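Okay, structure first, notes after.
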Amino acid sequence: MEIRKGIGVSPGIAIARSLVIDSEEYRIPRRSIMNSQRKAEMRRVREAFGKAVAELTELEAALDIGESKVGDIFAVHSRFLRDRSLRKKITDLVFSECLTAEYAVSTILREIATHFAQVKDAYISERAADIYDVERRLLRHLLGKKREDVAHLTEEMVVIAHQLSPTQTAGFNKTFVKGVATDVGGRTSHSAIVARSLGIPAVVALEDISEAVGVGDAVIVDGNRGVVIINPDEETVREYEKYLQDFARLEHELDAIRDMPAVTRDGVRVELLGNIEFPDESEVVLAKGGEGIGLYRTEFLYLYNQQEPTEVDHYEAYVKAVQAFSNSSVVIRTMDLGADKYTPSRRYTPEPNPCLGLRSIRLCLQDLAMFKTQLRAILRTSVLGDVKIMFPLITNLEELRHAKMILHDVMEDLDEESIPYKHDIEVGIMIETPSAALTAGTLARDVDFFSIGTNDLIQYTLAVDRSNERVSSLFSAGEPAVLRLIRAVVQDAYRAKIGLHVCGEMASEPEYIMLLLGLGVRTFSLAPPMIPEVKQIIRSVTMTDCNQLTRKILTMNSQRQISNYLRDAARKIIPEVF
Amino acid sequence: MQAEGEALEKLVREIKVEIKNEDGLHMRPAMQFVDVASRFSCDIKVSNPQCEANGKSIMQMSMLAATQGSRLTIRAEGADAEEAITALKELVEGEQFRGVSVEDVPEQNN
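Spelled out as C-alpha cells, the structure:
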C-alpha cells in the first residue's frame, strides 16, 4: 500500500482498477514485483505477444498482396512476435530479476534495437525502427494505452495519466471512468475540469503517480482529501467502502431538502448558486437545488476547440445555461486563461511567472478581437434571461474601466446592427487580488456586484502556489490577512449597496460557512455537488451563533488557532457533517 | 536401448556456406530462412566466427545479420536434420542468398 498526497480538485471517492494512459512516448519505470507475481507477469508477456500477433494478422489480411513494402514490414514484425526465443528472453528476465512485463519487454527490445542501430550498414541500422515498432505494439497491449481504450472500457476504471489532453478526455466513457489522478495540474487543468463536469473524484499534482501506478493496480482516489492510495490493504478498502456507504446515505438524506430554501434557523435567507464549466452542468445545478449560476467558467470554449471559438460557439454554449435558469441569474465570467495555458489555435510566448503574467483580463485587453467576440455573444443572450457579465483578475480601476469601455463599444456595434440586448445588463468583477480587495470601495462605484474568488485571493495574498506540494500546506483560508481582506470587501459592498458572492472553494468548506455568514455573506456560489451539504449546514445554524463565532475569530492572530477553533465550533454546532 | 535412442536423436548435419549476395543476410532473406527452418523439428544453429544464432529465431538471425561475415556454418541437430539441411541448402543457394557451399561435413555423433 502506498499513499500519495496531491490536490483534490473534484470531490468524491473512487475505488477501482487503474488504467494508465499517456502519450505515445512510453516511459516505462523499472518496477520490481514479488516472487509470487512472476508467473502472472510472464503470462501477461505471453498474452501480449498473442494479442499483437492476432492484431498483425488482421492488419496483414486487410492489406493488398501487391502492397509489398508495407506487407514486408508487417511480415518482419509478425515474425519477431512469433519468435519464441525472443519471448523467452523476456519472460526469463521477468523471472530472474522480478521485473514487470512492461519493463522486461522494453529492456530486451531496446537492447536489440541498440545492437542494430550500432551497425554501420544503413539497411541494418534502420531496422532498429522496426524493433521500436514491435516494442510499442507490445507495450500498447500490456499497458492498454490505446486512446480508444478510454472510450471502449468495459469495466469501472480509474484513469491515471501524466496529464490529460482534451482529445483523451473527449473519449471518456462516463459509465466506466470512476476517477482521475494525474502527475501535474491544478484546478483549471483539463483533468480537473472534466472530472468536475462528470461528477467523478479527481486528484492532481501527484508528481509521478503515472509511474508509480501499474496498469490494473487497485487504486483509491479520494477527491475529498486529495489523496490517492495505490494497492490499498484490506482494512483501508473496508474503511473507504464504509465511508462510501455513509456518503451515499448522507446524499440520500440531502435529497430530501433539495426543494427547501437555504435559510438559517433564525430565518435569514441565503442564496445558493452553482459554479459550472460546461453548459450541460446547469442541469446538475438544478438537480442539486441550486438557484442560479454564480460562476460560468468559459475556458472550455478555448481549450476544447482546434480553432478559436466563434460568436456562434459562445452563443450556443451560453443559451443552454440561460434557458435552464430563465428566472434566475446566470453570471458569465469572461475568459480567464493564462498565457501558460495552451490553446490549440495560438502559441503564447512562455513566461517565467505565468501567475503574474499575461493572463485573464490582461490577455483579453490585449486581444480585443477575441474579447469582443465573447462579449457580443454574452450580450446577445441577455434578452433570454437574467444574464450578468463578470470580469476576472481586475487589479485596479483603469483595468475595470478599460474593460467596460470595450463592452460599451460592443454595445454600440450591436445597436448599429439593431441586435437586441439588455442595455442595463449587470456588470461585476472578481475580487481575487489583494489590490482589488484593498480598493474595493473605489471599484464598487463602477460595478453592480463583486464576486470574491477566494482561491486566487489566498494565493496572491499569501504568495503561495497551492499546486506546489512543497508549500501547499501554507495555503489556508484561515489566515488572518485573508479574513481581513474578505471582511473589508463585504463591508465595501454593503456600503455601496451592490451585490456580493463568494465563489471560491472556501464557499463550499463546511467549517467556513458559519464564518462567511458571520462576515455578512448571503450568496454562495459553489460546485453543484456541494450545494445540498452546504444548504444542510445553513439550515442547521443560527445567525446568532455565526456572529458570535465570527467576532471571536476576528480577535485571533494565528491561522492554526483560527482553523482549530472553526473546526471545533463546526463539530459542536453541526456534528452530522463531520 | 538408451544409446540407440540418443544416436537417433543426435543426428547432426552441418554445411558451411559463403554468402555472395552483396546485401548479405538481410531482413527478407533472414525471414525466409527462419520460415524454412521452422518447418523442421531439429535444432538449427547458424554461426559465423563472432556468434551463433538459433536458425528459427528472427531475433537471433537478424542479430547475426548485424554482425555477419560472409561465411556461415549451418548446423542441424535432430531427427530430421538431413531434410532440414537439404532444404536450407537449396534456399541459401538460391537467388536471395547466392550462397556457395564451402564444404559439406556430414557427421554422425559417435
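For the record, the sequence lines run as chains E and G.
Residue 111 is where the first sequence starts when you use the numbering used here, and the numbers rise one by one after that.
Residue 2 is where the second sequence starts when you use the numbering used here, and the numbers rise one by one after that.
Virtual Cβ for every residue (Gly too), placed ideally from N, Cα, C.
All values reported here derive from a predicted model rather than from experimental measurement.
Nonlocal neighbours in the same chain, by C-beta distance under 6 Å from residue i, ignoring five residues either side
i	result
E:V394	P638
E:L475	H512
E:R389	Rather than Arg, the amino acid found at residue 389 of chain E in this sequence is Pro. Excluding positions up to five away in sequence, the list reads A427, K430 and A431.
G:D112	With chain G covering 2 to 111 only, the question about residue 112 of chain G has no answer from this structure.
G:I59	V35
E:A158	L248, H251 and L252
E:L728	It is not possible to answer for residue 728 of chain E, since the shown part of chain E is limited to 111 through 688.
E:K482	V520
E:A679	L659
E:R597	L629
G:T74	K17 and S48
G:L92	V37
E:V294	Q273
E:R677	E621
Cβ-based burial, residue i [other Cβ within 10 Å; buried from 16]
i	result
E:H518	exposed
E:S583	exposed
E:M267	buried
E:Y622	buried
E:Q355	exposed
E:S470	buried
E:L478	exposed
E:Y604	exposed
E:R155	Per the sequence shown, the amino acid found at residue 155 of chain E is Val instead of Arg. Per the 10 Å Cβ criterion, buried.
E:G448	buried
G:G95	exposed
E:E522	exposed
E:T224	exposed
G:Q3	Note that G:Q3 scores 44 on pLDDT, short of 50, meaning its location in the model is unreliable and no value can be drawn from it.
E:L466	exposed
G:M28	buried
E:N578	exposed
E:S668	exposed
G:P50	exposed
E:I488	buried
E:A591	exposed
Beta-carbon proximity list for residue i, same chain, < 8 Å, skipping 5 on both sides
i	result
E:T201	M152, V155, R156 and A214
E:L503	D446, R469, S470, I471, R472, M540, E542, T543 and D566
G:I86	R14, E15, I16, I75 and A77
E:I641	L382, G384, V395, K398, G399 and G400
Residues near residue i by beta carbon distance below 7 Å, same chain, minus five either side
i	result
E:V204	R148, E151, M152, V155, A211 and A214
E:V493	P530, Y531 and K532
E:V323	S128, V130, I270, V329 and I340
E:V599	I541, A547, A550, F560 and I562
E:R576	I117, Q569, S582 and F585
E:A162	L191, R247, L248 and H251
E:E135	The predicted model places E:E135 with a pLDDT of 48, which falls under 50 and marks its position as unreliable; any figure quoted below should be read in that light. Cβ within range, chain order: n/a, list empty.
Quick check on the DSSP output: what are the complete alpha helix (DSSP H) runs of length 4 or more inside the stretch 430–504 of chain E, in order along the chain? 470–476 and 478–491
Positions along the stretch 39–50 of chain G whose CB lies within less than 9 Å of some CB in chain E: S39
Which parts of the stretch 600–643 of chain E are runs of the alpha helix (DSSP H), unbroken and 4 residues or longer, counting only runs that do not cross its ends? 620–629
What residues in the stretch 182–210 of chain E have a beta carbon less than 7 Å from any beta carbon of chain G? D182, A185, V186, R189, F190, D193, S195 and L196
Is there contact here, the stretch 243–250 of chain E with the stretch 212–232 of chain E, by at least three beta-carbon pairs under 8 Å? yes
Taking contact to mean 3 or more Cβ pairs, one atom from each stretch, closer than 8 Å, check whether the stretch 631–648 of chain E and the stretch 533–553 of chain E are in contact. no
Taking contact to mean 3 or more Cβ pairs, one atom from each stretch, closer than 8 Å, check whether the stretch 299–319 of chain E and the stretch 336–354 of chain E are in contact. yes
When Cβ atoms are compared, which residues of the stretch 147–161 of chain E fall closer than 9 Å to chain G? none
Determine, using beta-carbon pairs with one atom in the stretch 150–170 of chain E and one in the stretch 184–199 of chain E, whether at least three such pairs fall under 8 Å. yes
Secondary structure, alpha helix (DSSP H): runs of 4+ residues fully inside the stretch 362–397 of chain E: 391–397
Cβ pair count under 8 Å reaching 3, the stretch 494–514 of chain E against the stretch 525–544 of chain E: yes
List, from N- to C-terminal side, the beta strand (DSSP E) runs of 3 residues or more that fit wholly inside the stretch 644–680 of chain E. none
Entirely enclosed alpha helix (DSSP H) segments - the stretch 297–363 of chain E, minimum 4 residues: 300–308 and 319–322
Under 8 Å: do the stretch 556–575 of chain E and the stretch 609–620 of chain E share three or more Cβ pairs, one atom per stretch? yes
Are the stretch 371–378 of chain E and the stretch 638–655 of chain E touching by the rule of at least three beta carbon pairs closer than 8 Å? yes
Against chain G, which members of the stretch 235–248 of chain E pass a CB distance test of less than 7 Å? R237
Counting Cβ pairs closer than 8 Å, one from the stretch 188–201 of chain E and one from the stretch 286–296 of chain E, do we hit at least three? no
Do the stretch 317–337 of chain E and the stretch 111–120 of chain E touch if we need at least three Cβ pairs shorter than 8 Å? yes
If we require 3 or more residues per run, which beta strand (DSSP E) segments fall completely within the stretch 26–97 of chain G? 44–48, 53–55 and 72–78
What are the uninterrupted segments assigned as beta strand (DSSP E) that are 3 or more residues long and contained completely in the stretch 549–590 of chain E, given in chain order? 559–562
Members of the stretch 414–437 of chain E near chain G, C-beta cut-off 9 Å: none
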